[in-house]
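Please read the structure below before turning to the comments.
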Amino acid sequence: DEGAIMHTDIVVLDKEGTHMYGRIPTEPAISLQDVLQEGSVYIMKRFMCKPSKPTYRVVDSPFMMQFTRFTTVDPVVDDEEDFPYCTYSLMSFSDIPIPGPHTPHFID
33 DEGAIMHTDI VVLDKEGTHM YGRIPTEPAI SLQDVLQEGS VYIMKRFMCK
83 PSKPTYRVVD SPFMMQFTRF TTVDPVVDDE EDFPYCTYSL MSFSDIPIPG
133 PHTPHFID
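Its first residue numbered 33, the sequence shown is counted upward by one per residue in my numbering.
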């Protein structure tokens, strides 16, 4: 994308495959853009846990991570095979909602 970074959105998974959406505001996003790599494992500390957004959620989770300027992200080396690479949620075609202003999830 072109222009200044407004925020960065991420999806994090633990070893059991539990997923959570995360939002990184401008300042921490700029400092972490060369640290965070898809498929890598990190220990993340000092973030806020808050209720998920009511609409256009990337994953279905009651809570989300909100990074701050105090959040720390430390890489963990050689632990990738212990974590799932991706997450998804399947639904039947008849359950796919019509997109609108109150759509709870992104449909892809």
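Note that beta-carbon positions come from the ideal geometry of N, C-alpha and C, so glycine has one too.
This one's a predicted model, so the numbers in the text were calculated from it and none came from an experiment.
Quick one: what's got a C-beta closer than 7 Å to residue i's C-beta in the same chain, skipping five residues either side?
| i | result |
| --- | --- |
| residue 58 | 37, 38 and 39 |
| residue 108 | 73, 74 and 75 |
| residue 66 | none |
| residue 45 | 51, 115, 116 and 119 |
Have a look at the DSSP bridge pairing and note the partners of residue i.
| i | result |
| --- | --- |
| residue 45 | 51 |
| residue 40 | 56 |
| residue 97 | 54 and 81 |
Near residue i, which residues of its chain fall below 8 Å by C-beta distance, leaving aside the five closest residues on each side in sequence?
| i | result |
| --- | --- |
| residue 112 | 71, 72 and 73 |
Of all Cβ atoms in chain D, is any one closer than 8 Å to the Cβ of residue i?
| i | result |
| --- | --- |
| residue 106 | Here there is only one protein chain, and chain D is not present. |
On the DSSP letters alone, give me the boundaries of the alpha helix (DSSP H) that residue i sits inside.
| i | result |
| --- | --- |
| residue 58 | 58-64 |
So residue i is in the beta strand (DSSP E); what residue range does that whole segment cover?
| i | result |
| --- | --- |
| residue 75 | 73-77 |
| residue 83 | 80-83 |
| residue 116 | It is not in any beta strand (DSSP E) - residue 116 carries neither H nor E in the DSSP assignment. |
| residue 133 | Counting along the chain, residue 133 falls outside any beta strand (DSSP E), and DSSP gives it neither H nor E. |
| residue 107 | 104-108 |
| residue 69 | First-last for residue 69: undefined, no H or E at that position. |
Within a Cβ cutoff of 6 Å, which residues of the same chain sit near residue i, ignoring the five residues on either side of it in sequence?
| i | result |
| --- | --- |
| residue 99 | 56, 60 and 79 |
| residue 77 | 104 |
| residue 81 | 95 |
Can you give the Cα-Cα distance for residue i and residue j, rounded to whole angstroms?
| i | j | result |
| --- | --- | --- |
| residue 102 | residue 64 | 12 Å |
| residue 47 | residue 119 | 12 Å |
| residue 62 | residue 93 | 26 Å |
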